[in-house]
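K.L.:
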Amino acid sequence: MPVNWQASCELEAIQARATLNEKIRAFFQARQVLEVETPLIGEPVTDVFIESFSVYFPSSSEPSKLHGFLQSSPEYYLKRLLASGAGDIYQLGKVFRAEESGRFHSGEFTMLEWYRVGWSLAQLINEVLALLDTVGLGAQEAQHFRYDELFKQFAQLDLSTSSLSALQARCQPWLANDTGALDRDSCLDLIMTHEVEPKLSDISIAVVTDFPASQAALAKIDPERQTACRFEVYVNGVELANGYDELQDAQQLRARFEQNLKKREQTQKVALPMPEALLAALPHMPACVGVALGVDRLLMALTQKAHIQDVLSFSHYLNEY
Amino acid sequence: MGSYSTNEFKPGLKVMLDGEPCSILENEYVKPGKGQAFNRVKLKVLKTGRVWEKTFRSGEKLEGADVMDTEMQYLYNDGEFFHFMDEATFDQKQVDNDTVGENAKWLVEQDVCGVTLFNGEIIAITPPNFVELEIVETDPGLKGDTAGTGGKPATLSTGAVVRIPLFVQQGEIIRVDTRTGEYASRVKD
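Chains as they are written, first to last, in this note's numbering: chain A, 2 to 322; chain B, 27 to 215.
(1) Note down, in chain order, each residue of its chain lying with its Cβ closer than 7 Å to the Cβ of Asp-203 of chain B, except the 5 sequence neighbours on either side.
(2) Which residue spans inside the stretch 236-288 of chain A form an unbroken alpha helix (DSSP H) run of at least 4?
(3) In whole angstroms, what is the alpha-carbon distance linking Ser-62 of chain A and Pro-287 of chain A?
(4) Would a check of beta-carbon distances place Lys-306 of chain A closer than 8 Å to chain B?
(5) Ignore the nearest five residues each way along the sequence and tell me which others in Ala-214 of chain A's own chain have a CB closer than 7 Å to its CB.
(6) Does any C-beta atom of chain A lie closer than 8 Å to the C-beta of Leu-43 of chain B?
(7) Taking C-alpha atoms, which residue in A:Leu-71, A:Gln-72 and A:Tyr-57 lies nearest to Ser-65 of chain A?
(8) Taking the straight line between their C-alpha atoms, what separation do you get for Thr-304 of chain A and Leu-201 of chain A?
(9) What residues in the stretch 118-146 of chain A have a beta carbon less than 8 Å from any beta carbon of chain B?
(10) Let's see if you can read the secondary structure: which residues bound the alpha helix (DSSP H) around Pro-136 of chain A?
(11) Is any beta-carbon of chain A found at less than 8 Å from that of Gly-90 of chain B?
(12) In whole angstroms, what is the alpha-carbon distance linking Phe-97 of chain A and Gln-154 of chain A?
(13) Just to confirm before moving on: does the CB-CB distance between Val-239 of chain A and Arg-298 of chain A stay below 8 Å?
(14) Buried or exposed for Asp-48 of chain A, please, with buried defined as at least 16 other CB atoms from any protein chain shown within 10 angstroms of its CB.
(15) Go ahead and pull the three-state DSSP assignment for Phe-54 of chain A.
(16) Can you find a C-beta in chain A that's less than 8 Å from the C-beta of Tyr-30 of chain B?
(17) Work out the CA separation of Ala-99 of chain A and Lys-57 of chain B for me, nearest whole Å.
(18) Have a look at Gly-103 of chain A and Ala-180 of chain B and give me their C-alpha separation to the nearest angstrom.
(19) Counting pairs of Cβ atoms below 8 Å between the stretch 164-181 of chain A and the stretch 78-95 of chain B, do you hit three or more?
(20) Apart from the five residues on each side of it in sequence, which residues of its chain come closer than 7 Å, Cβ to Cβ, to Val-188 of chain B?
(21) If you draw a straight line from the alpha carbon of Val-236 of chain A to that of Ser-187 of chain A, how long is it in whole angstroms?
(22) For the 8 Å Cβ check, are there 3 or more pairs between the stretch 17-30 of chain A and the stretch 69-88 of chain A?
(23) The alpha helix (DSSP H) that contains Thr-304 of chain A, what's its start and end?
(24) At least one CB of chain A closer than 8 Å to the CB of Gln-62 of chain B: is that the case?
(25) Would you call the stretch 70-77 of chain B and the stretch 39-59 of chain B touching, i.e. three or more CB-CB distances under 8 Å?
(26) Return the chain-ordered list of same chain residues with a C-beta closer than 6 Å to the C-beta of Glu-54 of chain B, the five sequence neighbours on each side being excluded.
(27) Hey, Glu-163 of chain B and Gln-196 of chain B are a contact pair by Cβ (cut 8 Å); roughly how many whole angstroms apart?
(28) Name the DSSP beta bridge partners of Ala-214 of chain A, please?
(29) Quick check on DSSP: helix, strand or coil for Leu-71 of chain A?
(30) Under a three-way DSSP split, which group does Thr-184 of chain B fall into?
(31) Closer than 9 Å between beta carbons: that is the criterion. Which residues of the stretch 83-105 of chain A meet it against chain B?
(32) Looking only at its own chain, which residues have a Cβ that is under 8 Å from the Cβ of Arg-76 of chain B, when we skip the five neighbours before and after it?
(33) Is the shortest distance between the beta-carbon of Met-275 of chain A and the beta-carbons of chain B less than 8 Å?
(34) Report the neighbours of Ala-278 of chain A on chain B: residues whose CB is nearer than 7 Å to its CB, in chain order.
(35) DSSP puts Gln-99 of chain B in a beta bridge; with which residues?
(36) Have a look at Leu-319 of chain A and Gly-108 of chain A and give me their C-alpha separation to the nearest angstrom.
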């Protein structure tokens, strides 16, 4: 077998990426958001469904010395910068996620993540839409949906009255193996990917807000509505950006992390440390909102490519991995 | 046979699902933002040709299926079974009508066909892309119609019915594309 050494995408896509990066940087420069860099090797996130690559630095005395984890998102470090008084910041750079490979996933991809101090979630959503407009995704009117509206409209499901068993029954025909009952969030994820997202493909830009509190991740929970202060932006049915009104309560966050780590243990996932540095920084972090955006997916939308490999200069290694 | 995890589900991989040997056609990885990853997989059931769409949680495994694609020569039909022979070992295997199904009309004695073996048994056959068959019945056709408008139906020696140009006559041998069931050309002696 000949060794495949060539770039795996067209030169056009490489040029389109350079142009996109320039536009992104100009956008934030004009808005006085500071570009920052954070370590690529550090502490891992506790997410149940994100696997970080471990980085080892073997020495003769300690052949399997763990050096750290490749960052799956710059979120923890950026929050520590915010707590250190950095103000409005953004990072444009690579992140890594083991075991992710598909049309819209690569084990290594580019993420744009930014934070606005003292802003509301609505202001941040408007800024995401302004950025999409600036980089050339068209100035289409975005359609806004609450998470429960989305399910009502596109899956004919009333989440306020749907029992777990009803959701499980809905999902069962799709599943190959009956390997134990799915929990509520996994059912919602399945209905989202199987029924809702295909219907969002007709909508150029959809903004989804008010996620279930169980899917808050690092977002605040609205005390009145009991929903997560979180939004996602979909471009033609593809998830592009995920934003939060950032939780500042270290105790609450520790409880969520503990729950994650427990779930990881129950499902035989790699044991991970508690992110103590982030938790220690949190009381110093100003009220802020933040969003992460998949740059490769944005590039796919701009260049109308069907597969993430079509916008990556080299994709062989991690997809073979 | 080993087992395969969802990230090894490549097109063409043969796996067992619900007791049926299947061939993977497509494997799409889906993962909502903060949620669990799933693989939406299209599989062809090898015995029936039916396509199943099933979703797996990423990391789930399937047993590999002991399936082999090879070629065998079609010998004859004894009314109940179709008989095939391995040209290298002269080993013979038989297949029933249900397995051959619609493909029966493209089987010509001594033609080499693709066969799919599961646990040593033939579970599917693929006729050659082109077969040569005699026209046993067709209308005489209209003299002078050279525009070839639509042609006419013809019944072939195996019972297959294909549309042929008007100028082709009963008793002639034609080449047929078995993938589309369409007339390809006349076969000159």
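By construction, the Cβ of each residue, glycine as well, lies at the ideal position given by its N, Cα and C atoms.
P.N.:
On the basis of the supplied data:
(1) Asn-155, Phe-156 and Ala-210
(2) 251-267 and 277-282
(3) 43 Å
(4) no
(5) Only Ile-222, Gln-227, Thr-228 and Ala-229 meet the Cβ criterion.
(6) yes
(7) Taking only the C-alpha atoms, the option nearest Ser-65 of chain A is A:Tyr-57.
(8) 19 Å
(9) The residues in question: there are none.
(10) Going by the sequence as given, residue 136 of chain A is Val instead of Pro. It spans 122-136 - the alpha helix (DSSP H) in which Val-136 of chain A sits, taken as one unbroken run.
(11) no
(12) 35 Å
(13) Yes. Within cutoff.
(14) buried
(15) coil
(16) Chain A contact via Cβ: absent.
(17) 13 Å
(18) Each residue's alpha carbon lies about 48 Å from the other.
(19) yes
(20) Ala-180, Leu-182, Val-202, Gly-207, Glu-208 and Tyr-209
(21) Val-236 of chain A and Ser-187 of chain A: Cα-Cα distance of roughly 22 Å.
(22) no
(23) 296-304
(24) yes
(25) yes
(26) Arg-66
(27) Right, the Cβ-Cβ distance comes to about 6 Å (below 8 Å), so this counts as a contact.
(28) Paired residues: none, contrary to the question.
(29) strand
(30) coil
(31) Glu-100, Glu-101, Ser-102, Gly-103, Arg-104 and Phe-105
(32) Within its own chain, the residues whose Cβ lies closer than 8 Å to the Cβ of Arg-76 of chain B, once the five positions on either side in sequence are excluded, are Lys-70, listed in chain order.
(33) no
(34) In chain order: nothing, as chain B lies at least about 22 Å away.
(35) B:Met-111 and B:Val-138
(36) Confidence at Leu-319 of chain A is low in this model, with a pLDDT of 48, below 50, so the placement of that residue is unreliable and no value is reported for it.
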